[in-house]
DNA sequence: TCCAACTCGTTCGTACCCGAACGATATTGT
DNA sequence: ACAATATCGTTCGGGTACGAACGAGTTGGA
């Protein structure tokens, strides 16, 4: 039964909603979409900042650097473009992150055996050790951050977010020219 | 009934979960927390990049610049620290964003009437016009991005994210020393 | 063979973004 | 009144972050 309760942030929310409505009156807005997107971004920023402050800062690692290192810890080595996709950053950005990580001895660049263009990034023993040292604390904070949610609502949250991700995957790859696709299957 | 279906990304997901489990075997991990946090960040990055590419780039505005401008469009003027909090950025970052916006004539810095330290940022007519021009398209893409969700699941998503936000609010403000507070009331 | 078209990672320019340090202003205690 | 303290916005250094341009490497035809 949605709307059956009203916590503090709900009150605040409706006030903001009122203000936005007032500011853009006469125009039709999709507020649930606006709020969903807005909240996704707010939560992400808050979580990222929290993690960087409370967990990563002590190890001099940024979120992106840690994500890259984590991916390499799990899979041992990855080609550059896979690594970028996995970390959600572009190739240009990855170059900088890998350089930072390499300078500190956490990863090393390796040339691809058969294709001289491609780059294989490998984690070093030191890099593996770093992740193993950080990960328990990192996961503890992940649990803390989501402690207000039950096991089920966490799954619900992840499912909804993956729905968004899937929509964007289709739209962005397919996107600009190949419109008029007959649904996503 | 959760788990009753298995889309492509679910299969991929469980494989990743297996890999992570394998990599960190012997350690107890909270996977639902890890996945929730990971998905929040993935979705936020994907949405932000999509919006910057498809909507904001044509107007030469970054996500943060647009958020700041939007906030000012709704409330007319805001003090610096409020603006920073509302946009989810730090004061140091806001200085740069406001400078960019001011250089392009969208906002202007105003001194506080009674407190010489404080800064009041006001939106200009040009800034208001810019938001009014961008917002319809922006909201259309917000709707598109969340089109895979129903009205109800969007509310569900927002509610879960606000739960995370509330947890972080308490933890980060209260945080390190002032523990043992008797509930949030 | 050889060279156009393609596909890599890197570099570049611009802008963000944070936390720490800084200078200016305001407040407080004495 | 005035020095210590607190609170502002700004500056600074280091590190992302993007897209466009670039150069090296590969591939597919003429």
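Chains as they are written, first to last, in our numbering: chain A, 185 to 369; chain B, 185 to 369.
Cβ atoms here follow ideal geometry from the backbone N, Cα and C, with glycine treated the same way.
Among the residues of its own chain, which have a CB less than 7 Å from the CB of residue i, if the five just before and after it don't count?
i: residue 274 of chain B; result: 268
i: residue 309 of chain A; result: none
i: residue 363 of chain A; result: A caution first: residue 363 of chain A carries a pLDDT of 40, below 50, which makes its placement in the model too unreliable to give a value.
i: residue 202 of chain B; result: none
Quick one: which chain B residues come within Cβ less than 8 Å of residue i?
i: residue 309 of chain A; result: Near residue 309 of chain A there are no residues of chain B at all, since even the closest Cβ is about 14 Å away, more than 8 Å.
i: residue 257 of chain A; result: 207
i: residue 327 of chain A; result: 214 and 217
Name the chain A residues whose beta carbon is nearer than 8 Å to that of residue i?
i: residue 272 of chain B; result: 225, 226, 229 and 230
i: residue 234 of chain B; result: 352, 355 and 356
Under 9 Å Cβ-Cβ, which residues of chain B neighbour residue i?
i: residue 211 of chain A; result: 316, 319, 320 and 323
i: residue 280 of chain A; result: Neighbours of residue 280 of chain A on chain B: none; closest Cβ ~16 Å, over 9 Å.
i: residue 265 of chain A; result: Result: empty, since nearest Cβ-Cβ is about 16 Å, beyond 9 Å.
What residue range does the alpha helix (DSSP H) around residue i cover?
i: residue 263 of chain B; result: Segment 261-263 is the beta strand (DSSP E) holding residue 263 of chain B; no alpha helix (DSSP H) there.
i: residue 232 of chain B; result: 215-235
i: residue 281 of chain B; result: 275-287
i: residue 313 of chain B; result: 309-329
Going by beta carbon distance, what residues of the same chain come within less than 6 Å of residue i, once the five residues before and after it are set aside?
i: residue 232 of chain B; result: 247
i: residue 322 of chain B; result: 239
i: residue 196 of chain A; result: none
Excluding sequence positions up to five away, which residues of its chain have a Cβ less than 8 Å from the Cβ of residue i?
i: residue 325 of chain B; result: 234, 235, 238 and 239
i: residue 277 of chain A; result: 248 and 268
Just the chain A side, please: which residues come within less than 7 Å of residue i by C-beta, in chain order?
i: residue 342 of chain B; result: 219, 220 and 223
Mind pulling the chain B residues with CB within less than 7 Å of residue i?
i: residue 347 of chain A; result: 332 and 333
Using the beta-carbon of each residue, which ones in chain A are nearer than 9 Å to residue i?
i: residue 338 of chain B; result: 216, 217, 219, 220 and 344
Just to confirm the assignment, what range does the beta strand (DSSP E) spanning residue i have?
i: residue 293 of chain B; result: 291-295
Inset, instruction - Taking a Cβ distance cut-off of 9 Å, strictly less, list which residues of the segment 197-209 of chain B are near chain A, in chain order. - result: 197, 200, 203, 204, 206, 207 and 208
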